[in-house]
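Enquirer:
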Amino acid sequence: MEILNNETKINCGNYTRQNVEMCLIATRGNGLPRKSASVRQIIYSCLGEHSEKPKEVHHRLEELYGDVPRLELFAREKYGDWDVYGDQAEESIQLI
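Under this note's numbering, think of the first position of the sequence shown as -2, with each following residue one higher.
#1: W79 and E69: beta carbons closer than 8 Å?
#2: Sorted by chain position, which residues of the same chain lie with C-beta nearer than 8 Å to L92's C-beta, five sequence neighbours on each side aside?
#3: Near L29, which residues of its chain fall below 7 Å by C-beta distance, leaving aside the five closest residues on each side in sequence?
#4: So, helix, strand or coil for V81, using DSSP?
#5: Relative to the alpha-carbon of V36, which residue among H55, Y76 and E74 has its alpha-carbon at the smallest distance?
#6: Which residue or residues does DSSP assign as beta-bridge partners of E59?
#7: How about R73 and S48: do their beta carbons lie closer than 8 Å?
#8: Which class does E53 belong to by DSSP, given the choice of helix, strand or coil?
#9: Could you check where the beta strand (DSSP E) with L68 kicks off and where it finishes?
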């Protein structure tokens, strides 16, 4: 599944002017049961800080899967009870 962030700024690209960012969802094993069938894929949002993800991404993933352990890779800051991994995140977990 992909969630697209439609940014209002047109960026550089090799072939097209990239203005979307994909959010990839990775699961282990058979995956997780879906808690909501109403979660939409496309998020229209204004640009935030550099590399900042819209909070709507977190909200939709929480609605989609419910209260399960979550890890955001390459995060810059911690969001709620999510674990984060990133060299700029103060509360980054250690990966083995």
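Note that beta-carbon positions come from the ideal geometry of N, C-alpha and C, so glycine has one too. Being a predicted model, the structure only gives us computed values, none of them experimental.
Expert: This is what the structure holds:
#1: Translated into the one-based positions of the sequence shown, residue 79 becomes position 82. Translated into the one-based positions of the sequence shown, residue 69 becomes position 72. Going by C-beta atoms, W79 is nearer than 8 Å to E69.
#2: Numbered from 1 along the sequence shown, position 95 holds the residue referred to as residue 92. Here the set comprises Y82.
#3: Position 32 of the sequence shown, counted from the first residue, corresponds to residue 29. Correct list, in chain order: Y62 and V65.
#4: By 1-based counting over the sequence shown, the position of residue 81 is 84. In this structure, V81 counts as strand in the three-state DSSP scheme.
#5: Along the sequence shown, one-based indexing puts residue 36 at 39. Nearest of H55, Y76 and E74 to V36, Cα basis: H55.
#6: On the sequence shown, position 62 is the one that residue 59 refers to. Answer by DSSP bridge pairing: none, since E59 is not bridged.
#7: In the sequence shown, the residue the question calls residue 73 occupies position 76. In the sequence shown, the residue the question calls residue 48 occupies position 51. Yes. Within cutoff.
#8: To locate residue 53, count along the sequence shown from 1; it is residue 56. The answer is helix: DSSP assigns E53 an H, G or I state.
#9: The count along the sequence shown starts at 1 and reaches residue 68 at position 71. Per DSSP, L68 belongs to the beta strand (DSSP E) from L68 to L70.
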